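Residue numbers (the working numbering), protein chains in the order written: chain B, 312 to 742; chain X, 666 to 805.
The structure appears below as structure tokens.
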């Protein structure tokens, strides 16, 4: 009966206070200013960060409301880019209403008629297909996979020097149960002709620039011999619901382990190519240096020493979600530090936690395993033994032995950030 | 004797530094009942879109929340041309960028994204961005 106990407790304290404390009223002065959060409600965060790195966990920007969404952090409003706030990552599955949003082109779907929409499988195939949503639901075997969708530029605001682009904090990611049909089943139904090299994907979004400009349409391709072709699905459901319009209704491509740039939204054309896709979105952007971690320097870029290749698999990452530093922790209180970890190249097998800025590490408990492409939750019970400032840190390792380094990364487009994450917390006396 | 006085002063100082108990006398309570004026921002709960059985899946319009740009020469030209393909939130969202980065960004819009901006106006857009959105010049 916790309620009753706490009731008795407060009565006891009240009596004690009335007896002993009342005499002090009017005598004591207020203590010096305390670390209170009340100021946060009246003083908004700055509207931008830089030229230093963004010091906040998430992006800075106003909370805004969009259709089918909870308040999310706005980066831009036309086209729409919205970041998921930190605390939605306490659970392994990111709610659809909180899932981040990122479109490239201004002209994005508000309404789609399913009596007219078709998914086309065309190009270098034996038989062109034009499938309705009903065809996808009924004619093909349904399959589900839990997978992390993360923007290539997630955490771009950490870069030093800063680079232009969407200034994401850490919330340009999400994890969901996607249900749909295998991409392979659709390709088999159409019959991929011999000599085919790639499959190109295109959605209903369009740019406002000149029609013949390189970026009027957003097109992405995967190599047909990439093993991910067999794992990719054309999803019509996300966490058991139709896909929200802003996340790619009616169907979106799911490419497990790869960055979101390949997860075409409002997917409408699947096009088999017999030559490499040289369009802008494959060769001019979403490209990273062909170096370890995609790392380079502004000087090497200026001197044209950098060979760029399309961005691909997501490196291993982990995050501390709570504590978030918004309040102090009483000395010796056992608190639970919680977060998530994931890797595009294999199951997360170990998450390590440090309470001393990375000097000593200990293993965290891992949460339920929803598959190799899912968020894996982790937690640690931590008992602070002294007062003052602590720097908490977390690092994950995947089954391939990839682990997070403690160095940042730099490349001109701001991709592939996966440095060890840290959180400062204050511990104060408990008596 | 002196020692006792020092001890008494010490105790008094300790006492003075104790948190003030609220008038209710609640133990440990330092401050309560404090409010200050907040800013009423734009987060209001949206009215759901009316749905009908007509095969159309609609979510209504997407709201724009575009902040004001810095006042200054060239603002009208920036508003006019940049807004054709994207909102100017794309400017305010960026960190302060060096002058040559802004120039490269504007040229990218034209050469790559197919923005139709005459040469004179292109120069004015670049000058405006450099005047208000570099590490040296950015104020808002």
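From the three backbone atoms N, C-alpha and C, an ideal C-beta is built for every residue, glycine too.
Bear in mind the structure is a predicted one, so any value in this text is a computation, not a measurement.
Which residue spans inside the stretch 357-412 of chain B form an unbroken beta strand (DSSP E) run of at least 3?
Annotation note: the stretch 357-412 of chain B contains the following uninterrupted beta strand (DSSP E) runs of length 3 or greater, listed N- to C-terminal: 383-388, 391-394.
Would you list, in chain order, the members of the stretch 741-757 of chain X that have their beta-carbon closer than 8 Å to a beta-carbon of chain B?
Within the stretch 741-757 of chain X, the qualifying residues are 749, 750, 751, 752, 754, 755, 757.
Can you list the residues of chain X that residue 398/B reaches, using a CB-CB cut of under 8 Å?
Ordered by position in chain X, no residue passes the 8 Å Cβ test against residue 398/B, which lies about 16 Å from the chain.
Where do the ends of the alpha helix (DSSP H) carrying residue 647/B lie?
Counting along the chain, no alpha helix (DSSP H) covers residue 647/B; the unbroken beta strand (DSSP E) around it starts and ends at 646-653.
Run of the alpha helix (DSSP H) containing residue 745/X, from where it starts to where it stops
Element bounds for residue 745/X: 740-747.
Spatial neighbours of residue 509/B in its chain, beta-carbon cut-off 7 Å, leaving aside the 5 residues before and after
Within the same chain, 532, 533, 534, 535, 584, 587, 588 come within 7 Å of residue 509/B by CB-CB distance, once the 5 residues on both sides are set aside.
Check the Cβ of residue 422/B against every Cβ in chain X and list those closer than 8 Å, keeping chain order.
Within 8 Å Cβ-Cβ: 721, 722, 723, 724.
In chain B, what lies closer than 9 Å to residue 770/X by C-beta?
What residue 770/X touches in chain B: 475.
From this set, 625/B, 550/B, 598/B, 467/B, which residue's C-alpha is nearest residue 612/B's C-alpha?
Measuring from the Cα of residue 612/B, the nearest candidate turns out to be 598/B.
Going straight from the alpha carbon of residue 743/B to that of residue 701/B, what length do you get?
Any answer about residue 743/B is impossible in this case: the structure gives chain B only from 312 up to 742.
Should residue 455/B and residue 488/B be called a contact, given that it needs their Cβ atoms to be closer than 8 Å?
With contacts defined by Cβ atoms closer than 8 Å, residue 455/B and residue 488/B form a contacting pair.
CB contact check: residue 388/B to chain X, cutoff 8 Å:
The beta carbon of residue 388/B sits closer than 8 Å to some beta carbon of chain X.
Hey, residue 372/B and residue 482/B: beta-carbon distance below 8 Å or not?
Contact: no.
Between residue 643/B and residue 695/B, is the Cβ-Cβ spacing less than 8 Å?
Cβ atoms of residue 643/B and residue 695/B: closer than 8 Å.
Please determine whether the Cβ atom of residue 730/B lies at a distance below 7 Å from any heavy atom of the ligand COA.
Although the ligand COA was asked about, the structure shown includes no ligands whatsoever.
Between which two residues does the beta strand (DSSP E) holding residue 700/B run?
Unbroken beta strand (DSSP E) run through residue 700/B: 699-709.
As assigned by DSSP and simplified to three states, the class of residue 486/B:
Looking at residue 486/B - three-state DSSP - the assignment turns out to be strand.
Helix, strand or coil at residue 728/X [DSSP, three-state]
For residue 728/X, the three-state secondary structure derived from DSSP is coil.
Can you give me the Cβ contacts of residue 790/X inside the same chain, cut-off strictly under 8 Å, excluding the 5 residues immediately before and after it?
Cβ neighbours of residue 790/X beyond the five flanking positions: 739, 742, 743, 746, 747, 771, 782.
Simplified DSSP assignment, three categories, for residue 721/B:
Here residue 721/B sits in coil by DSSP.
Please state whether the Cβ-Cβ distance between residue 557/B and residue 736/B is less than 8 Å.
Contact flag unset, no.
Could you name each continuous beta strand (DSSP E) segment of 3 residues or more that falls completely within the stretch 445-527 of chain B, going from the start of the chain to the end?
Whole beta strand (DSSP E) segments, 3+ residues: 453-461, 484-493, 509-517.
Contacts of residue 556/B in chain X (Cβ-Cβ under 7 Å)
The answer, in chain order, is 724.
If you measure from the beta carbon of residue 729/X to each beta carbon in chain B, is any gap under 8 Å?
Residue contact check for residue 729/X against chain B: a CB pair falls below 8 Å.
Which stretch, first to last residue, makes up the beta strand (DSSP E) that contains residue 549/B?
For residue 549/B, the enclosing beta strand (DSSP E) starts and ends at 544-549.
Just curious, the beta strand (DSSP E) that residue 632/B is in, first and last residue?
DSSP places residue 632/B inside the beta strand (DSSP E), whose first and last residues are 628-633.
What residues in the stretch 776-787 of chain X bring their beta carbon closer than 8 Å to a beta carbon of chain B?
Of all residues in the stretch 776-787 of chain X, 777, 778, 779, 780, 781 have a Cβ within less than 8 Å of some Cβ in chain B.
Helix, strand or coil: which one does DSSP assign to residue 424/B?
Three-state DSSP puts residue 424/B in a strand.
With respect to the alpha helix (DSSP H) encompassing residue 594/B, which residues constitute its N-terminal and C-terminal limits?
Element bounds for residue 594/B: 591-594.
In the DSSP assignment, what residue or residues form a beta bridge with residue 643/B?
None, per the DSSP bridge assignment.
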